[in-house]
Amino acid sequence: MDLKITDLTLASSSIRADIAGFRETANNLDQRLSAVEDHIATTPDQEEELKSLGAKLTELEDPSRRDNVRFFGIPEQKEGSDIKTFLSSLLTNHFGIEFSPPPEFQRVHRIGPSHKASANKPRPIIACFLRHEQARQVISTAKARQPISLDGHEIRVAADFSRLTNDRRRAFLALRPQLRSLDIKYGLFEPALGFIESFIISLIVYALL
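And the structure:
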């Protein structure tokens, strides 16, 4: 009889210990679930905060690129050992730009590793002009005189923007066929306000009157 009572006591103690363990596990799971729920609840706010930070970063990044011009289509090695002199000659002889004073660059270089370049897809050249007015002159001249060629290769020119701004531009330009089909006039303009402080693109679409 005493053995049976002892066995029951031991079994009861074991059950109580198991129950206590289950309760602890349940409490831990409840805490983890609450943490997950809190995270889910704050995720939209965090996404909005990230978007806001990304926009602010773009506002800071684009103005720092305003003196940059990208050149596409120039064959590899064509610049020789002095890329600044080559580019200055290219702008005078092929773009027909008469600079006064002569163009000066903070830096000029190819973009990307050389092993990824090919004859059919040369790396772009990016030039940072010392004077912003000269950078704008190059872009406007290239647009007016296109196509511009060098030894049978078409040379294209573009302003330099942040990745986010470029993505927005591409998204807008992809809509051009639809806009034309709807007989809607469209434009891609830099903002009139804050032009000097910012180089963020405003995408403006307006209907023909």
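Going by the working numbering, the sequence shown opens with residue 32, and the numbers climb by one from there. Backbone N, C-alpha and C fix where the C-beta goes; we use that ideal spot for every residue, glycine too. Just so it is clear, the structure is predicted and the values come from calculations on it, not from any experiment.
### Task
For the alpha helix (DSSP H) holding L118, just list the boundary residues, first then last.
Note, L118: alpha helix (DSSP H), 114–124.
### Task
Give me the Cα-Cα distance between D98 and Q165, rounded to the nearest whole angstrom.
Rounded to the nearest angstrom, the two C-alpha atoms are 8 angstroms apart.
### Message
So, at 6 angstroms on beta carbons, what are the nonlocal neighbours of E110 in its own chain, with the 5 sequence-adjacent residues on each side left out?
### Response
Scanning its chain for C-beta atoms nearer than 6 angstroms, with the 5 sequence neighbours on each side dropped, one finds around E110 the residues F117, in chain order.
#### Entry: Contact under 9 angstroms by Cβ, I105 with I215
Taking 9 angstroms as the cut-off, the Cβ atoms of I105 and I215 do not count as close.
### Query
CB S180 to CB H125, shorter than 9 angstroms?
The beta carbons of S180 and H125 sit closer together than 9 angstroms.
### Query
Candidates R96, R141, Q209, F102: which alpha carbon is nearest H184's?
When the alpha-carbon of H184 is set against those of R96, R141, Q209, F102, the nearest one is in F102.
### Task
Give every residue of the same chain whose Cβ lies closer than 6 angstroms to the Cβ of E135, excluding the five residues on either side of it in the sequence, and list them in chain order.
The answer, listed in chain order, is L161.
#### Entry: Assigned secondary structure, E135 (DSSP; H/G/I helix, E/B strand, else coil)
Coil, per DSSP.
#### Entry: Straight-line gap, S95 to K174 (C-alpha atoms, nearest Å)
About 23 angstroms.
### Query
Among all the DSSP beta bridges, which residues are the ones paired with S180?
Answer is E185, bridged to S180.
### Task
Tell me, please, which residues DSSP counts as bridged to A158.
Under the DSSP definition of a beta bridge, A158 partners with V100, V139.
### Message
DSSP has A148 in a bridge; who is on the other side?
### Response
According to the DSSP secondary-structure assignment, A148 is paired through a beta bridge with no residue.
#### Entry: Neighbour-count burial assignment, I142, 16 or more Cβ in a 10 Å radius
Burial call: exposed.
#### Entry: Selection from E107, C159, R138 that minimises the alpha carbon distance to F192
The shortest Cα separation from F192 among E107, C159, R138 belongs to C159.
### Proximity to S131 [Cα-Cα], best of S119, V139, R138
Here the closest residue by C-alpha is S119.
### Query
Beta carbon of V169, beta carbon of V139: below 9 angstroms?
Contact flag unset, no.
### Task
Please state whether DSSP places I205 in a helix, a strand or coil.
The amino acid occupying residue 205 in the given sequence is Ala; Ile does not appear at that position. Here A205 sits in coil by DSSP.
### Query
Hey, L122 and I114: beta-carbon distance below 9 angstroms or not?
Not a contact, by the Cβ cut-off of 9 angstroms.
### Query
Does the Cβ-Cβ distance between E79 and P153 come in under 9 angstroms?
No Cβ-Cβ contact shorter than 9 angstroms links E79 with P153.
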